[in-house]
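Structure record follows, encoded as structure tokens.
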Amino acid sequence: MVTLTHGQFVAIGSVALVALCYAVAAPGPSHRATQRSHDDAVSRREATVKPSLQVDACRAVANSLGQRLPADWNVVVHEPFVLGGDCSADSLDATYHETILPTVRALSIQYFDHAPTWPITILLCSTDASYRECNQRLEARERSEYSGIYSRTEHRLVVNVATGDGTLAHELTHALAHADFPTLPEWLDEGLASLHEECEFSADGLRLVGLDNWRGTALREACQREPLRSVSDLASNRFAASDRAATDYAHTRYFCLFLQQKRLLEPFYRKCRSRVETDPTGIDSLCELFATTHSREIEVQFTEWLAKSAGAGGPSLSRRAD
Ligand SMILES: [Zn+2]
423 MVTLTHGQFV
433 AIGSVALVAL
443 CYAVAAPGPS
453 HRATQRSHDD
463 AVSRREATVK
473 PSLQVDACRA
483 VANSLGQRLP
493 ADWNVVVHEP
503 FVLGGDCSAD
513 SLDATYHETI
523 LPTVRALSIQ
533 YFDHAPTWPI
543 TILLCSTDAS
553 YRECNQRLEA
563 RERSEYSGIY
573 SRTEHRLVVN
583 VATGDGTLAH
593 ELTHALAHAD
603 FPTLPEWLDE
613 GLASLHEECE
623 FSADGLRLVG
633 LDNWRGTALR
643 EACQREPLRS
653 VSDLASNRFA
663 ASDRAATDYA
673 HTRYFCLFLQ
683 QKRLLEPFYR
693 KCRSRVETDP
703 TGIDSLCELF
713 ATTHSREIEV
723 QFTEWLAKSA
733 GAGGPSLSRR
743 AD
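The sequence shown runs 423 to 744 under the working numbering.
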């Protein structure tokens with residue numbers, strides 16, 4: 423029984439979303455990047471032809487899932503979401519009302535103006551074993567190197583809840599961003615999703631506020647080994663190659679945290695979306711927000727901020743999944 427505990431993690435107030443996400447466990451082979459590229463191409467085509475969401479579409483997904491998942495799993499529909507898991511239907515309903523709905527509301531206020539027009543499947547697995555079984559049944563792949571996966575072709579999250587509740591927030595951010603901004607640059611997509619691995623609601627419950635987490639330590643350790651990539655390089659060239667995936671994830675998460683603290687993250691996302699045809703990496707919009715023509719000036723500010731924030735609170739390593 424995972425859900426009540428699970429649902430508590432986004433109770434409105436000061437409760438933090440604590441989590442770990444995939445890419446941490448073992449950055450591993452580059453197959454996710456490959457999958458992502460393929461999925462991107464498919465999803466961009468899909469985005470132009472998807473019909474409006476119908477309740478029937480959700481029910482069809484639920485019926486299909488019922489045939490593919492273990493017999494004792496439950497599936498419930500809360501349009502546009504189809505939730506399934508190795509827990510009771512009541513627990514799935516509680517997760518929807520206590521966790522998913524307030525998170526979706528906050529993210530729609532902050533970033534996402536376009537609601538999904540397709541069903542989004544959310545599968546919650548309470549143990550490592552059920553997570554493995556779920557992925558094997560759906561994809562014939564184990565996926566145990568990750569704690570959560572979002573498939574852009576299937577519009578489906580599979581989350582290993584046992585690894586930490588914030589994994590759901592990470593993958594849910596991907597799913598909603600996909601619907602809102604299908605061509606969102608990967609570096610920003612992963613930065614936003616990773617930011618929400620550990621966050622809390624604002625006092626009025628209308629916003630998610632990212633917090634420091636273990637990736638900060640990983641990033642600072644990486645900085646001591648060698649200089650970070652430039653922001654321009656992070657945004658313009660391959661993201662999360664297998665030999666630097668952990669550093670790239672930490673880098674983009676902390677860059678989003680830096681923008682959040684400057685109150686620039688939300689306007690940056692929207693500028694990026696509105697100008698993606700002429701500024702596909704977002705760097706031009708970033709320079710405009712910082713009133714500079716040189717992204718190097720932004721990097722200097724970020725590096726100084728990162729160094730100063732090292733002693734403020736200190737990230738927790740206690741729940742790292744690797
Ligand atoms: Zn991600």
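Glycine included, each C-beta is placed from N, C-alpha and C at the ideal position.
Owing to the predicted nature of the structure, the values given are computational and were not obtained by experimental measurement.
Using a cutoff of 7 Å, the CB of histidine 592 counts as near ligand 1, since one of the ligand's heavy atoms is closer than that. Spanning the alpha carbons of histidine 600 and threonine 674 requires a straight line of approximately 18 Å. Cα atoms of glycine 704 and tryptophan 636: separation of roughly 26 Å, rounded to the nearest angstrom. Comparing alpha carbon positions, the residue from Gly613, Arg563 and Gly507 closest to aspartate 670 is Gly613. In terms of side-chain proximity, the C-beta atom of histidine 618 is found no nearer than 7 Å to any non-hydrogen atom of ligand 1.
Non-local C-beta neighbours of valine 504 in its own chain, meaning closer than 6 Å and more than five positions away in sequence, comprise Cys480, Val483, Ala484, Pro541 and Thr543, ordered along the chain. Per DSSP, the beta-bridge partners of cysteine 621 are Gly632. Residue pairing of glycine 506 in beta bridges, as defined by DSSP: Val497 and Leu545. Secondary-structure assignment with DSSP links isoleucine 571 through a beta bridge to Val580.
With a cutoff of 7 Å, histidine 596 counts as near ligand 1, since its C-beta is closer than that to a heavy atom of the ligand. Within 7 Å of the C-beta of alanine 615 there is at least one heavy atom belonging to ligand 1. In terms of Cα proximity to isoleucine 571, the closest of His596, Gly586 and Leu687 is His596.
Looking only at Leu523, Arg718 and Phe534, the smallest Cα-Cα distance to leucine 606 is reached by Phe534.
According to the DSSP assignment, lysine 693 belongs to the alpha helix (DSSP H) that extends over 687-696. Distance check between leucine 545 and each of Pro524, Phe677, His577 and Glu520 places His577 closest, using alpha-carbon atoms only. Ranked by how close their Cα comes to the Cα of glutamate 643, the residues Ser654, Arg666, Asn659 and Leu633 have Arg666 in first place.
The alpha carbon of alanine 729 has as its nearest neighbour, out of Phe677, Pro502, Ile531 and Arg490, the alpha carbon of Phe677. Measuring C-alpha to C-alpha distances from glutamate 608 to each of Asn582, Glu564 and Ser658 identifies Ser658 as the nearest. Between the stretch 712-722 and the stretch 622-631, the count of Cβ pairs shorter than 8 Å is below three; the stretches do not touch. Inter-segment contact for the stretch 546-554 and the stretch 508-515 is present: three or more beta-carbon pairs are separated by less than 8 Å. Proximity to aspartate 494 across Glu555, Leu617, Ser696 and Leu686 peaks at Glu555, based on C-alpha coordinates. Selection Ala662, Cys509, Glu593 and Gln532 evaluated against isoleucine 522 yields Glu593 as nearest (Cα-Cα).
Between leucine 711 and proline 689, the C-beta gap is smaller than 8 Å, which places the two residues in contact.
Annotation for glutamate 612 indicates a beta carbon within 7 Å of some heavy atom of ligand 1. Residue range 588-602 is occupied by the alpha helix (DSSP H) that includes glycine 588.
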